[in-house]
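J.:
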Amino acid sequence: MAAQVCARPAPVPHQPASTTSSQLSINTSQAGSPKPLPHKHIPYCSPGPRPNSHQLDTPPASPPESGQLVETTSLLYPPSGFDKITNEPPIYSISAEKLSQAIDHLATQPLPAAEQVFPWLHGLHPENQLQLAFFTARKKSLRRTPKCLRGLTIVKAGGDLSHSRLKGAIAADEILCPAKPGRDRKSEEGEFLEVDPKDGFSVRNFHIQTCKMATVSDLVVYRDYQTPQEEAERLARRLARAQAAWQRKTDGSAFGGRMFNTFIVSDEYLKIEAVYPDLIALDSDGCMTPSALDFFHAERVEMCSMTAATEISPNVWLGPTPDPSLDLQTSALPSPSPKDAPNFDIMIEASDIAQIPEPKAFKLLDDLLQRKANAELAENAIPQLEFPGSGAILPPTWSQAEVDGLLATCQWMYRQAHTPPSLSTSSPVSKRRDSKLSLSSSSGGSAAANVADDLDEDGDSPMHSSSSCTQQGHRILIHCTDGYTESSLLALAYYIFAEYVPVHTAWIALHRDLGRNFFAYATDVALLRAIQPRLLQASPKHLPEVGSLSMLCPPTPEWVDKMDGSLPSRILDHLYLGNLGHANNLGLLRELGIGRVLSVGEPVGWGCDGDEEGGERGTEEGREEEGKGNGKGGWKRGDWMFVDQTQDNGVDPLMGQFGRCLEFI
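Read in full-length UniProt numbering, the sequence shown has 351 at position 351, and its numbers run on one by one without any break.
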């Protein structure tokens, strides 16, 4: 399970959103196919340890709770109040009004206890001995279909869900087996899909739950105005036969008649859309209705709101790829005013498939910016640059050319951010800076030595001495799809370079002081720590006459060695969600202002003494010891809470733990 950490409330900087305009795209990737990158950041939850082949007993379950069997009731059963359309198989007619009432009734029913429906919903195939042994080592009855479940599944005839879709509606092929080869497409035989996995082990088989719930549901068929009534009736007969076959299969000799039935909506779809708009997810034109909730769209809105573009250094912004279709005002998070959004002059996209920019890319961009300044390009044309995403430059195999290109990009960005758009891209006023550290490349055509036309013969980058250019430079946006992952490497490298701070300061300052939420990889930490002296030595704020090697290689806090690149995710101003590694890194927690830790299923290493096995303290006993120091930098026993006997194994429920967890938070 994850370890959850709490921070004392601190103001988060205002996050203005970004706007988009027409974009002038430049492909700066080198020739050839991009390198395959195995690091793509996808949210992942471990299903827990694989059961030991010699120990297949179910892990210790949560303390049992007394409770009666909760059965879900339905207005559709028994179906005596509905007109029967056919007798064999039995199919009933239902009006839109009755359907709306049935849905409302079902929504008010209490959910069955988790132990009544799981592990059945995880998938228990009779041939999957591994899955069976893990879940049913003690109770063979767990394989049986729960009798307390009764759902309502809406199936659209025709299967086109891109328009005229009722909320929760699915296509028939999501639950029915396809017609057998050689059979007529109009065959009315029906059989539910067998979705339980035959092999492997998983406690997150969410993809099978639609079909499994359909087997314990009354089925309602409807059609849009383009689908003939005959097709809806044929689908209803297939579904009704599938229900009967499934019930005979599961009940065997105990089969005592139908428990679930099939209905056809008698009203036309356009009437449903007009009279019962709350039932509609997509209207007849394919547009989402105001009452519909699309979780994928909502996630995109919340993500873009959380990572809305903010300025991390003068004229350099970090955020998600601008999307004019998103209305951040619908976000549950505080949304910035659209009028505060800047108009960007340059956009740098970080992605997994991009390559290190070549020197000619910077020259081309300089020419485009000059043409735009001379009104030779459209005012809303935005030159684009591509850069590899986080985790793309892998130590210790990274090449000198990759580091040269990273530094060259930072130097070019700094020059553009401090050069007024109305001026020439070359600056006659500059300072020289020696960049010949042991980390620097040998002479001979590095990207860093050829960043632009105005580099001198020693490969030094000119830095502007006029402070008036700072606020008048080109506005640059570093962006990626989510504004959270791929752009982190370049943003951190530029912040180190431009602000003249070491790696550990950049990580904390971006998150804590500038309010940025971002994800980086352990490889990014290793790379930036390795090239930190070179970035700092080339920084425009570095003063060679007073600098020394100690300025370029300051002491590194111990918590950096324990960091994998990621920070705990800030859910609220005072609440973070992290993993066990975050919770055990006390130095990192202290830097972020986090003062309390709630750990579910995984005891923190510092939260209990060596003689405590499992760390069951942290609840009542932990509170009794509050105030007693534990030698962990001022952390007290009352600063942590451990929820024991609740493992991330698909078996142990959390419902009984929520009250005291919320009280602790």
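Where a beta carbon is used, it is the ideal one built from N, C-alpha and C, also for glycine. Note that this is a predicted model, so its numbers are computed, not measured.
In this structure, how does DSSP classify I356 when only helix, strand and coil are distinguished?
T.: Three-state DSSP puts I356 in coil, outside helix and strand.
J.: Counting pairs of beta carbons, one from the stretch 346–353 and one from the stretch 520–536, are three or more of them closer than 8 Å?
T.: They do not touch, by the three-pair rule.
J.: Which ranges does the alpha helix (DSSP H) cover as unbroken runs of at least 4 residues, wholly within the stretch 61–141, from first to last along the chain?
T.: Those alpha helix (DSSP H) runs which fall completely within the stretch 61–141 and span 4+ residues are 96–107, 114–117, 129–135.
J.: May I have the straight-line CA-CA distance separating P314 from D352, to the nearest angstrom?
T.: Taking the straight line joining both Cα atoms gives about 27 Å.
J.: My output table needs one value for Q645: the three-state DSSP class, helix, strand or coil.
T.: Of the three classes helix, strand and coil, the one that applies to Q645 here is coil, per DSSP.
J.: Threshold first: 4 residues or longer. Then list the alpha helix (DSSP H) segments lying entirely within the stretch 281–324, N to C.
T.: Counting only runs of 4 or more, we get 295–306.
J.: Measuring alpha carbon to alpha carbon, tell me which of R258, V403, T108 ends up nearest residue 679.
T.: Residue numbering for the chain in the displayed model covers 1 to 665; residue 679 lies beyond these limits and cannot be assessed.
J.: Can you look up Q226 in the DSSP assignment and give me helix, strand or coil?
T.: The answer is coil: DSSP assigns Q226 none of H, G, I, E or B.
J.: Cα separation between N585 and L575?
T.: Approximately 17 Å between the Cα atoms of the pair.
J.: Quick one, are the C-beta atoms of P420 and A526 less than 8 Å apart?
T.: Their beta carbons are not under 8 Å apart, which means P420 does not touch A526 by this criterion.
J.: Only counting the same chain, and skipping five residues up and downstream in sequence, which positions put a Cβ closer than 7 Å to that of G159?
T.: Within the same chain, G159 has close Cβ partners A171, A172, D173.
J.: Between T289 and A298, is the Cβ-Cβ spacing less than 8 Å?
T.: For T289 and A298, no; Cβs fall outside 8 Å.
J.: May I have the straight-line CA-CA distance separating D644 from L577, to the nearest angstrom?
T.: Computed Cα separation, rounded: 18 Å.
J.: Which stretch, first to last residue, makes up the alpha helix (DSSP H) that contains T523?
T.: T523 -> alpha helix (DSSP H) spans 522–537.
J.: Can you give me the start and stop residues for the beta strand (DSSP E) that residue 668 sits inside?
T.: With the chain represented from 1 up to 665, any question about residue 668 goes unanswered, as that position is not in the structure.
J.: Mind checking which residues open and close the alpha helix (DSSP H) that includes M413?
T.: That run of the alpha helix (DSSP H) goes 400–417.
J.: Do D251 and A96 count as a contact pair if the criterion is CB distance below 8 Å?
T.: No, the Cβ-Cβ distance between A96 and D251 is not below 8 Å.
J.: Which residue from V316, S217, Q416, Y92 puts its Cα closest to that of P146?
T.: It is S217 whose Cα lies nearest to the Cα of P146.
J.: With a threshold of 8 Å, are at least 3 pairs of Cβ atoms found where one atom belongs to the stretch 299–319 and the other to the stretch 374–385?
T.: Taking 8 Å as the limit for Cβ pairs, the verdict is that the stretch 374–385 does not touch the stretch 299–319.
J.: Does the beta-carbon distance from E402 to I476 come in below 8 Å?
T.: Cβ distance not < 8 Å, so E402 and I476 don't count as in contact.
J.: Looking at A308 and I478, is the spacing between their C-beta atoms short of 8 Å?
T.: Their beta carbons are not under 8 Å apart, which means I478 does not touch A308 by this criterion.
J.: Are the C-beta of R150 and some C-beta of chain D separated by less than 8 Å?
T.: The structure shown has no chain D; it contains just one protein chain.
J.: Give the DSSP-derived three-state secondary structure of C211 in the structure shown.
T.: Looking at C211 - three-state DSSP - the assignment turns out to be helix.
J.: Pull up the distance between the alpha-carbon of T28 and that of N517, whole angstroms please.
T.: Note that T28 scores a pLDDT of 40, beneath 50, so its modelled location is shaky; the value from the coordinates is reported in the next line. Roughly 27 Å separates the two Cα atoms.
J.: For A107, count neighbouring Cβ atoms within 10 angstroms of its own Cβ and tell me buried if that reaches 16, exposed if not.
T.: Label assigned to A107: exposed.
J.: Please classify G32: is it buried, with 16 or more other beta-carbons within 10 angstroms of its beta-carbon, or exposed?
T.: Bear in mind that the predicted position of G32 carries a pLDDT of just 39, short of 50, making it too unreliable to give a figure here.
J.: For L552 and Q537, what's the separation of their Cα atoms in angstroms?
T.: Going by the C-alpha atoms only, they are around 7 Å apart.
J.: Hey, quick one: how far does the beta strand (DSSP E) through G158 stretch, first residue to last?
T.: Segment: none, G158 is in no beta strand (DSSP E) and carries neither H nor E.
J.: Look at the alpha carbon of N649 and the alpha carbon of K212, and state the distance between them as a whole number of angstroms.
T.: Cα to Cα, the separation comes out at about 20 Å.
J.: Looking at the structure shown, is T145 part of a helix, part of a strand, or coil, going by DSSP?
T.: Of the three classes helix, strand and coil, the one that applies to T145 here is coil, per DSSP.
J.: Taking C-alpha atoms, which residue in C410, L76, L111 lies nearest to P359?
T.: Minimum Cα distance to P359 is reached at C410.
J.: Can you tell me which of L528, L219, H511, L99 puts its alpha carbon nearest to the alpha carbon of G593?
T.: It is H511 whose Cα lies nearest to the Cα of G593.
J.: Pull up the CB-CB distance for I175 and Y222, whole angstroms please, since I reckon it's below 8 Å.
T.: Between Y222 and I175 the Cβ distance is about 15 Å, and since that is not below 8 Å, they are no contact.
J.: What are the start and end residues of the alpha helix (DSSP H) that includes C661?
T.: Segment 658–664, the alpha helix (DSSP H) holding C661.
J.: Cβ atoms of R237 and E191: under 8 Å apart, would you say?
T.: In this structure, R237 does not lie closer than 8 Å to E191 by Cβ.
J.: In whole angstroms, what separates the C-alpha of residue 711 from that of Y500?
T.: The requested residue 711 does not occur in the structure, where the chain is confined to residues 1 to 665.
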